[in-house]
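Worksheet: one structure, shown below.
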Amino acid sequence: MSKKFVIAVLEGDGIGPEIMAVALDVLRAIESKSDVEFEVQHAPFGGKAYFDTGDAFPEETKAICDNADAILKGPIGLSFEESKKIPVDKQPERGALLPMRRRYNTYANFRPVYLPPELAHFSPLKPHVVEGGIDIMMIRELVGGLYFGEKERGERNGKRYVRETLDYDEDQICRILRVGFDEAMKRKKVLHNIHKSNVLISSVMWNEILDEVAPEYPEVEVRHVIVDAAATALVLNPRQFDVMVMENMFGDILSDLAGGILGSLGLMPSACIGTDASYYEPSHGSAPDIAGKGIANPYSMIGSVALMLEKSCGMEDEAQQLWGAMRGVFGEGFTTADLRDPEGKLDPISTRAFGDKVLARLDG
Ligand code: IPM
Ligand code: MG
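Numbered according to our numbering, the sequence shown spans residues 9 to 372.
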């Protein structure tokens, strides 16, 4: 009997439905080549879900996600103007995405920063800086820190004030550091620890815990880099990094910087691994300005499928086939109009056509 995985599919907002449609075709192609069956269950999530149901993360969606083996999520979010029609705490980010992270305790966010030679032309960095390709795994803690600490707003001495707290306990820090060490063991055995211990006592404690965990991984060399210096180093010499581990807010910022190194956040898929469920999503937003035009590249969504196959379905070979197929399509000089093409040498095709070329390579 074939193995079956139930996949909750949340297509999201903006370009979400377009890139998800292509990603699901790719998933079907993988299914037809393997003895695995994917049962896809669609559910509303994000801004459109709010307008349709009054809730950006409806109960129905929670039930479907609770029972799934993995969650495949498209980008969510609305234009600035559309967002203003929704109360602040119900907007898709605060009303759906953060509650999803909290619900499934998705503490380990994997953000591959991958620039193989076939994609090198997208990077705004000089060829000699990216020569040989970039392959970094950024690991971001995803359910602690400033995002989830206590918050308050009020008035004192006749002036408004606001307070947000950066909160971690030692178990939260320890488990994400272990994810970093484990990933380093699978790769080059070098772990870049990103911190700000010259200012934040949260980083002082983070580094203390790292010193306690490190002896369990005697083969891994730890290199400490302060977060602001890491931002500079990533631009000057990204090839020095392999696995990087960091707290939530640092990871939010540095992973977008990494998207800039690649030339687009459209080249950034991600995996959010939790204790209670895992979900897979592009790191970028819903790009409402280009929604419906058929010009969004599906790479980040298909890459998220690849991460799902690897991490939730034990299908490492199939995941590699997806990366290879997408690299091949870029290698032939194809692109989509949303990705930068500074030299104007690339051949822009539609979202769907790009997906078809990926499918053709999977069949071939
Ligand atoms: C990301 C996004 C989210 C974050 C937003 C949409 C809440 O920027 O996944 O990086 O800040 O974590
Ligand atoms: Mg972000």
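Using N, Cα and C, we set each Cβ at its ideal position, and we do this for glycine too.
Note to self: Quick check on the DSSP output: the beta strand (DSSP E) that includes M377 runs from which residue to which?
What the structure shows: Since the first residue of the chain shown is 9 and the last is 372, residue 377 is not available in this structure.
Checklist line | Identified DSSP bridge partners for Y122 | finding: DSSP lists D143 as partners of Y122.
Checklist line | Beta carbon of I202 nearer than 7 Å to that of V221 | finding: In this structure, V221 does not lie closer than 7 Å to I202 by Cβ.
Notebook entry, point to check: Under three-state DSSP, which class holds A239?
Noted result: It is helical.
Check: Is there at least one non-hydrogen atom of the ligand IPM closer than 6 Å to the beta-carbon of E216?
Finding: No - the ligand IPM has no heavy atom lying nearer than 6 Å to the Cβ of E216.
Item checked: Y169 - DSSP class collapsed to helix/strand/coil -> Strand.
Check: Can Y112 and D143 be called in contact, C-beta distance under 7 Å?
Finding: No, they are not a contact pair.
Next item on the list: Pick helix, strand or coil for A266, following the three-state DSSP scheme.
Entry: Judged by DSSP in its simplified three-state form, A266 adopts helix.
Next item on the list: Could you name the residues whose beta carbon sits closer than 6 Å to any heavy atom belonging to the ligand MG, keeping them in chain order?
Entry: The set, ordered by position in the chain, is D260, D264.
Margin query: Could you check whether the region 12-20 touches the region 38-50, counting it as contact only if at least three pairs of C-beta atoms, one from each stretch, sit closer than 8 Å?
Written below: In this structure the region 12-20 lies against the region 38-50, because at least three pairs of beta carbons, one per stretch, are closer than 8 Å.
Next item on the list: Spatial neighbours of L185 within its chain, please: CB distance less than 7 Å, with the 5 preceding and 5 following residues excluded, ordered by chain position.
Entry: Listed in chain order, the non-local C-beta contacts of L185 below 7 Å within the same chain comprise I217, L218, V221, V253, local neighbours out to five positions each way being set aside.
Notebook entry, point to check: What is the rounded straight-line gap between the Cα of R376 and the Cα of R231?
Noted result: Outside the displayed span of the chain (9 to 372) sits residue 376, for which this structure offers no information.
Next item on the list: With C73 as the anchor, note down where its alpha helix (DSSP H) starts and where it stops.
Entry: From DSSP, the alpha helix (DSSP H) with C73 extends over 67-74.
Notebook entry, point to check: Which residues share a DSSP beta bridge with I281?
Noted result: I281 pairs with A116.
Check: What are the complete alpha helix (DSSP H) segments, minimum 4 residues, inside the region 268-332?
Finding: Complete alpha helix (DSSP H) runs here, min 4: 307-320.
Check: Mind checking F338: buried by the 16 CB within 10 Å criterion, or exposed?
Finding: The residue is buried, with at least 16 neighbouring Cβ atoms inside 10 Å.
Item checked: Touch test, the region 287-305 against the region 120-136, Cβ-Cβ under 8 Å, three pairs minimum -> The region 287-305 vs the region 120-136: no contact.
Note to self: Measuring only from the beta carbon, is E172 closer than 6 Å to any heavy atom that is part of the ligand IPM?
What the structure shows: It does not: the Cβ of E172 is nowhere closer than 6 Å to a heavy atom of the ligand IPM.
Notebook entry, point to check: In three-state terms, what does DSSP make of Q99?
Noted result: Coil, per DSSP.
Check: Comparing alpha-carbon positions, which option in Q99, G103, G82, E289 lies nearest F88?
Finding: Among Q99, G103, G82, E289, the Cα nearest to that of F88 is on Q99.
Checklist line | Collapsed DSSP secondary structure at A128 in the structure displayed | finding: A128 falls in the helix class under three-state DSSP.
Check: Are the beta-carbon atoms of M28 and E19 separated by less than 7 Å?
Finding: Yes, these two residues count as a Cβ contact at 7 Å.
Next item on the list: Return yes when the C-beta of E101 is under 6 Å from any heavy atom of the ligand IPM, and no when it is not.
Entry: It does: the Cβ of E101 is within 6 Å (strictly closer) of some heavy atom of the ligand IPM.
Checklist line | Bridge-paired residues (DSSP) for A16 | finding: Partner(s): Q49, I79.
Check: Could one say the Cβ of G339 lies closer than 7 Å to chain D's Cβ atoms, at least one of them?
Finding: The chain labelled as chain D is not found in the depicted structure, where only one protein chain is given.
Next item on the list: In angstroms with no decimal places, state the Cα-to-Cα distance between F59 and A128.
Entry: Computed Cα separation, rounded: 40 Å.
Notebook entry, point to check: DSSP three-state call for P350: helix, strand or coil?
Noted result: DSSP places P350 in coil when its eight states are reduced to three.
Next item on the list: Could you tell me which of F130, C280, E191, G322 sits nearest to A378, measuring between CA atoms?
Entry: There is simply no residue 378 to check, as the chain begins at 9 and stops at 372 in what is shown.
Item checked: Residue interval of the alpha helix (DSSP H) (run including E39) -> Counted as a single uninterrupted DSSP element, the alpha helix (DSSP H) harbouring E39 occupies residues 24-41.
Notebook entry, point to check: Any heavy atom of the ligand IPM closer than 6 Å to the CB of L105?
Noted result: At least one heavy atom of the ligand IPM lies less than 6 Å from the C-beta of L105.
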